[in-house]
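Only one structure is covered here, and it is reproduced in the block below.
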Amino acid sequence: MSGTILKSPEEIEIMDQANRIIRGVLADLRRMIAPGMTTLEIDRFAEDRIRAAGGEPAFKGYPAPGGGVEFPATVCASVNDEVVHGIPSPGVVLRDGDIVSVDLGVLWRGYYGDAAETYPVGSVSGEAEELLRVTREALHRGLEQARSGRRVSDIGHAVQTHVEAHRFSVIRDFVGHGIGSHLHEEPQIPNFGPPGRGARLTEGLVLAIEPMVAAGGPDVTVSESDGWTARTRDGSLAAHFELSVAVTADGPRVLGGPRDA
Ligand code: MG
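Residue numbering for the sequence shown follows my numbering, beginning at 135 and increasing consecutively.
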């Protein structure tokens with residue numbers, strides 16, 4: 135595959151450690167997130183934990199795609215109709231019935247880890263519960279395709295098929311990606327498309343697979359005021375789950391621990 139960077143088993147071990155830090159924070163947040171918490175509190179907790187573990191936040195200072203303001207925080211915290219890239223704020227107080235996605239990247243010994251999870255806040259609607267379940271399942275369908283000999287679009291096809299079987303929409307504007315000593319490497323991994331297209335997956339490739347799913351239509355708009363926050367155009371709920379996975383001789387190896395831990 136041209137443009138992709140294959141990792142040695144030793145590099146994959148370091149990336150496993152990077153993702154272990156992130157997965158620990160995401161698991162703690164699963165127990166902590168409750169009505170009344172602000173998204174800035176989530177950010178402070180995540181940054182403290184990453185630095186205490188010896189890592190560095192990977193998103194802080196990340197350049198904006200359009201050359202705008204750098205991302206100012208450790209996590210992206212995206213509430214309800216926000217799809218991705220929400221900026222943590224003391225003014226965003228989580229309420230009972232909200233959903234909030236937390237996306238977190240870390241730099242550890244020269245390599246990046248990247249994972250995200252969407253949490254229910256208190257008691258959520260049946261639709262929100264189903265959206266979270268289907269998006270998580272879609273991620274797992276995608277991870278299953280991370281095998282030597284498959285093609286890049288097999289991942290997106292598996293994600294899209296599962297999401298649309300539940301009458302939800304896959305967001306097209308943002309994609310998964312290769313990951314390693316750069317946060318974003320080749321190949322890009324759309325969450326939609328026909329199977330059997332694109333580059334062939336090979337052992338040593340590490341991918342961040344990240345379905346973003348809307349309960350309504352797939353169109354998004356990016357906030358003009360902050361240059362980052364992406365929302366569904368129709369105001370419907372959106373969810374986002376992400377894990378990093380290595381293509382190995384033994385099949386997909388989800389980095390940072392068991393996939394549901
Ligand atoms: Mg990512």
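By construction, the Cβ of each residue, glycine as well, lies at the ideal position given by its N, Cα and C atoms.
About 39 angstroms separates the Cβ atoms of Pro143 and Leu174, ruling out a contact at the 8 angstroms cut-off.
From the listed residues Ala348, Ile156, Asp182 and Thr295, the smallest Cα separation to Pro328 is found for Thr295. Of the residues Ala333, Leu277 and Val356, the one whose Cα lies closest to the Cα of Val388 is Leu277.
Three or more pairs of CB atoms, one per stretch, sit closer than 8 angstroms, so the stretch 367-380 contacts the stretch 345-359. With a 10 Å radius around the Cβ and a threshold of 16 neighbouring Cβ atoms, Arg157 comes out buried. Judged by DSSP secondary structure, Glu376 falls outside any alpha helix (DSSP H); it is assigned neither H nor E. A Cβ-Cβ contact shorter than 8 angstroms links Val209 with Pro222.
When secondary structure is reduced to three states using DSSP, Pro321 falls in the strand class. Inter-residue distance for Phe326 and Val218 is about 17 angstroms (C-alpha atoms, whole angstroms). Assignment of Glu190 by DSSP, reduced to helix, strand and coil, places it in the strand class. Between Tyr246 and Gly314, the C-beta spacing is below 8 angstroms.
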